[in-house]
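In this note's numbering, the protein residues as written are 7 to 63. The beta carbon of each residue, even a glycine, is placed where N, CA and C say it ideally should be. As the structure is a computational prediction, the values presented were derived from the model and not from experiment. Data block below; observations after.
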Amino acid sequence: MAAQKKTFYCLRCQARFPMDHDPKVVVERTCPKCGSNSVRLETPAAAARRAEQQPAN
Ligand SMILES: [Zn+2]
């Protein structure tokens, strides 16, 4: 099975970006925008939580 393109998001700068995701392989990911390694796979729950927490600019 090939890796799939999944949406990930950065906990630090809230950037969202597609990355290859293979459920069998644990990869240390880095945000392409800010370089943080606090990057998570975006699940429906995570997307809903993010929508509630709009950053106050
Ligand atoms: Zn970032």
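| Check | Outcome |
| --- | --- |
| As assigned by DSSP and simplified to three states, the class of R55 | helix |
| Residue from Q59, A21 and V45 whose Cα sits closest to the Cα of E34 | V45 |
| Segment contact flag, the region 42-60 with the region 9-19, C-beta cutoff 8 angstroms, min 3 pairs | yes |
| Contact under 7 angstroms by Cβ, R55 with C40 | no |
| Residue range of the unbroken beta strand (DSSP E) whose run includes T13 | Q10 to C16 |
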